[in-house]
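See below for the structure under consideration.
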Amino acid sequence: MELISPTSPEELAAVLAQASAAARPVVPLGAGIHQHLVAPPPPDALRLGTTALDRVLEHVPADLTLTVQAGARLGQVQVVLAGHGQWLPWDPPGGAAATIGGLLACGLAGPLRQAYGTPRDWVLGARIALADGTLVKSGGKVVKNVAGYDLHKLHIGAYGTLGVIVEVTFKLAPQPAAWRTLLAESADLAGALEMAARLAAPPLAPASVVVCGGGTHYRVAVRFSGVPAAVARQGQYAAGLGATALADAAAAALWQSLSDFGTPPDARPLVRLGIAPQQRDAYRTAIDALGAHDGVYQPTIGAARMLCADLAGLAAARAIVEPLGGAVVVEHGAGDAPRWGAARDSARLMHALRQRLDPAGVLNPGRAFVD
Amino acid sequence: MAVTPAARRAGRDDVIARLRAVLPAQALLTHPDEMMLYEYDGSALDMALPDLVVVPGDTAETAAAVRIAAEAGWPIVARGAGTGLSGGSVASEGGLVISVARLDRILAIDPAGRSARVQPGVVNVELSERAAPHGLHFAPDPSSQKSSTIGGNAAENAGGPHCLKYGITTNHILAATLVLSDGSIVTLDRQAPDAPEYDLLGVVVGSEGTLGVITELVVRLTPNPERIQTFLAVYDALDAAADTVSAIIAAGIIPAALEMLEGDGIRVVEESVHAGYPIDAEAVLLIEIDGLHEELETQASEIAALCDRHGARALQVARDEEQRRRLWAGRKGALAACGRLKPHYHIQDGVVPRSRLSEVLRLTRSVAARHDLLIVNIFHAGDGNLHPLLLFDVREPGVRERAIAASEEILRACVAVGGTLSGEHGIGLEKRDYMSWIFSDADIATMLAVRAVFDPRDVMNPCKQLPTGASCGEIRHAAGAARAVAAGAWI
Ligand SMILES: Cc1cc2nc3c(=O)[nH]c(=O)nc-3n(C[C@H](O)[C@H](O)[C@H](O)COP(=O)(O)OP(=O)(O)OC[C@H]3O[C@@H](n4cnc5c(N)ncnc54)[C@H](O)[C@@H]3O)c2cc1C
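Now the structure itself:
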């Protein structure tokens, strides 16, 4: 596959314009870490690399705002921010080396979403190269802005099927002064989920609560962030619930592995599940139905990522969550199984939107929810 | 495309007959006197009469009415409480107004899921009152919260003092049911994380009624904080207060709310509300922090040090809930109190980077002097969202034009320092033609393309928010240029 790595947004847009005119498929490519997600690109596709667009364009520490090019790697950006006691509270899989544009396009987030939400909550604006080669922006660089539609939100989790993100402005957060991680164990999923719910309930306000494991061994990891005294009090309270404190180095390694779960992939299908967090029974029974080998579960969010032996339970899991508005997506290793599941209520609008923004259908064909 | 006014007049009886067939009698308003109640909103823009008003009682009735109006080529304007400040719910092109007044029920509160299912006509503050027994509240708190609707908040992506920490409305909308202009009904549901769906909901929130009529919402409820502390910092110089705000943010402290009042505003507020603000102060900051006990202690001492370093004359902490309530009553009573200074007002809503506050505030003062106007700033300082309040008496010849010129000049300055046109009041009619100050033709064309995906007929609140170049009427300022200050109102 041919690879082009433009050195300016304009150049990147021009490549897209030509591809559209020639109806040639284009695969936007960051660091390539998540290219295995949802549908491999067609063999004749042009790979459009963003890694040469890797500059931090503007970091204003006093405003807690940052504008970066999409090819910048999240890990490197975090280093720049850390120098000012700031960060993006975002720990997606492969986040150290993956590009910001790619991570946004894949809609990835990690355990920190418990307290800090997802990038949707932190993106203030973006510049996008549309399929026809037009460069457009939405949003802005200030933390509050209602001028125009928030079109940048459309590109988060769209797998690059509506345009190529070339520049993003984020709101930043101050780094917490202290952290503490605790672990609990459970022989079954139900017990682990119960523990996770207790660790997320007031007076606790954890940064992350994650269940991991499978079969007959599950662990529940919780971490608190903030001022030292508040973190200490919550740590004590969590210990009272039966969790054990973990040393800092071990904690860092644990959270890294939880963030990176399933990345890089192995031969097993990688499945993600999402359901409204109050649907606790459906969440558990759907996971049971999938018969996961191993997984990272965020029950208080309603999210899970699992490695499964096979996809025999896929239809059953979907039958549980889809009527409740949830979804089960096979991110990798789908084989012949349907990747997305049932059409969403918005399918017609999504289809029209894709048609409108990419009439030649060149952007990541096969990765759009509606193609 | 919307039909001409003459065609609407000619077809009106037919539209009435068709609406009668699908709506209960009380849901259709046809009398000219009734139309007048729907003539304006909270902005200073010209009034316009709708051709008809419907007040549907559910999603199906709304869809039926939308279909009939759209087929007749009529503009369709959704209307909440009409408190909007940019002309969004004014039927500037005539047509059908859809009032949500009968869609006013809280359908369910789910304490475990920390969410509520509501109809769009629920008044903002009612939801927080109903959620209070569960230790929850609806975080967006626009100053109009006693009257504005949750549907209107979602349509405008409304803000409020506590949005500094908790985020604006878009962060709190989990799902919406929308009636599109072809009468179809679509639910955009993001309660489940990571669904394979484009974030259409994120576009609908803040779309000012131009993509469809919202008939139901699921909103996030936020746990009440463990503890709250409120401070009043008093300054003899405007710059010092502004610099304190910038310094608090730069230090990485995000209070729950960080509000400023300055100049003559303080004196009149104190005279009318007795909030406890020193009347000789040049500026005061209202700083609220909330969270866990230990967090508050740390933040309180850091904030005190920053206020001191930047020249605060005094820093008081609210001793109890009653004193806190009074400090906030001053902020909330500010707009009404300013009615003592002058009978009419115009509010600007620009945003600037938080590191640029003092220079822009100084500029508003010089603009005021140059245009011989009274300008008071009462605003959401923590997120750089200015609300210069231009006060005047329209009976004074030429003052209306001076106010508009001054307002525009301030807004241009906000944009020049890297800010934006509106932080929370929306674009509507008022700022539609300013959009080209910050967006290119291609940016706007893309927004219009997305609009056309939802509304190919261009009948949903046409001519609002985005300049179309189509046959939209000119934007006119109301003869009064500004609304008289209403009792109890605050910004
Ligand atoms: C004194 C005062 C103080 C204010 N303070 C604030 C503040 O602090 N923060 C802030 O953000 N705003 C503030 N506002 C502005 C205003 O209150 C908000 O914009 C509010 O969200 C509007 O709600 P509403 O129900 O009055 O909507 P309306 O004014 O009726 O409508 C506003 C817009 O929303 C659309 N709309 C309404 N309902 C629907 C629906 N169901 N479906 C689709 N579209 C719909 C309308 O078409 C229109 O474009 C203030 C206004 C006043 C008068």
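Line by line, the protein sequences are chains S and Y. Residue numbers for the first sequence, in my numbering: 1395 to 1765. Residue numbers for the second sequence, in my numbering: 52 to 542. C-beta atoms are modelled at their ideal positions from N, C-alpha and C, and glycine is treated no differently.
Excluding the 5 residues flanking residue 538 (chain Y) on each side, which residues of the same chain have their C-beta closer than 7 angstroms to its C-beta? Here residue 538 (chain Y) scores only 37 on pLDDT, less than 50, and its place in the model should not be relied on; the value that follows carries that caveat. The residues are 387.
Proximity test, Cβ basis, 8 angstroms: residue 281 (chain Y) and chain S: no
Within chain Y, the residues that residue 1734 (chain S) reaches when beta carbons sit closer than 8 angstroms: 247
From residue 62 (chain Y) to residue 170 (chain Y), what distance separates their C-alpha atoms? 31 angstroms
Using 7 angstroms as the cut-off, classify the Cβ of residue 206 (chain Y) as near or not near the heavy atoms of ligand 1, replying yes or no. yes
Is it the case that the stretch 1680-1691 of chain S contacts the stretch 1705-1715 of chain S, given that we only count it when at least three CB pairs across the two stretches are under 8 angstroms? yes
Got a sec: is the Cβ-Cβ distance from residue 1539 (chain S) to anything in chain Y below 8 angstroms? yes
Within 10 angstroms of its Cβ, does residue 330 (chain Y) collect 16 or more other Cβ (buried), or is it exposed? exposed
Going by the C-beta, is residue 476 (chain Y) closer than 7 angstroms to any heavy atom of ligand 1? yes
Does residue 194 (chain Y) pass the burial test, meaning 16 or more other C-beta atoms within 10 Å, or should it be called exposed? buried
Consult DSSP for residue 1606 (chain S) and reduce its assignment to one of helix, strand or coil. strand
So residue 1524 (chain S) and residue 1489 (chain S) are supposed to be a Cβ contact under 8 angstroms. How far apart are they, rounded? In fact, because the Cβ distance is near 27 angstroms, the residues do not count as touching under 8 angstroms.
With the cut-off set at 8 angstroms, would you say residue 283 (chain Y) and residue 237 (chain Y) are in Cβ contact? no
For residue 274 (chain Y), which beta-bridge partners are listed by DSSP? Y:187
Is the Cβ-Cβ distance between residue 1670 (chain S) and residue 243 (chain Y) less than 8 angstroms? yes
Verify the contact flag: residue 195 (chain Y), CB atom, against every heavy atom of ligand 1, threshold strictly below 7 angstroms. yes
So, helix, strand or coil for residue 83 (chain Y), using DSSP? helix
Distance cut-off 7 angstroms: residue 128 (chain Y) Cβ against heavy atoms of ligand 1: yes
Exposure label - residue 1580 (chain S); buried when at least 16 CB within 10 Å: buried
Do you know offhand how far residue 530 (chain Y)'s Cα is from residue 1564 (chain S)'s? With a pLDDT of 48 at residue 530 (chain Y), under the threshold of 50, the predicted position of this residue should be treated as unreliable, and no value is reported.
What residues are listed by DSSP as bridge partners for residue 1422 (chain S)? S:1442
Taking the DSSP output, what are the residues bridged to residue 223 (chain Y)? According to DSSP, residue 223 (chain Y) bridges with nothing at all.
Given this structure, state the Cα-to-Cα distance separating residue 1626 (chain S) from residue 1723 (chain S), to the nearest angstrom. 38 angstroms
Let me know the secondary structure DSSP gives residue 436 (chain Y) once reduced to three states. strand
What three-state label does DSSP hand residue 1463 (chain S) in the structure shown? strand
Report the option in Y:232, Y:160, Y:137 whose CA atom is closest to the CA atom of residue 149 (chain Y). Y:232
Please indicate yes or no: does the CB of residue 1568 (chain S) lie closer than 7 angstroms to some heavy atom of ligand 3? No copy of ligand 3 appears in this structure; the ligands present are ligand 1.
With DSSP run on the structure shown, which of helix, strand or coil describes residue 1553 (chain S)? coil
May I ask whether a heavy atom of ligand 1 can be found less than 7 angstroms away from the beta carbon of residue 222 (chain Y)? no
C-alpha distance - residue 1747 (chain S) paired with residue 1398 (chain S), whole-angstrom precision: 27 angstroms
Under a Cβ-count criterion, where at least 16 other Cβ atoms within 10 Å of its own Cβ denotes burial, should residue 360 (chain Y) be classed as buried or exposed? exposed
Beta-carbon proximity check, residue 294 (chain Y) vs residue 409 (chain Y), cutoff 8 angstroms: yes
Report the CB separation of residue 1413 (chain S) from residue 1756 (chain S) in whole angstroms; it is logged as a contact under 8 angstroms. 5 angstroms
Specify, as a first and last residue, the run of the beta strand (DSSP E) that residue 1532 (chain S) falls within. 1529-1533
To the nearest whole angstrom, what separates the beta carbons of residue 114 (chain Y) and residue 234 (chain Y), a pair I think is in contact under 8 angstroms? 5 angstroms
Give me, in chain order, the residues of the same chain whose beta-carbon lies closer than 6 angstroms to that of residue 1762 (chain S); leave out the 5 immediate sequence neighbours on both sides. 1555, 1748
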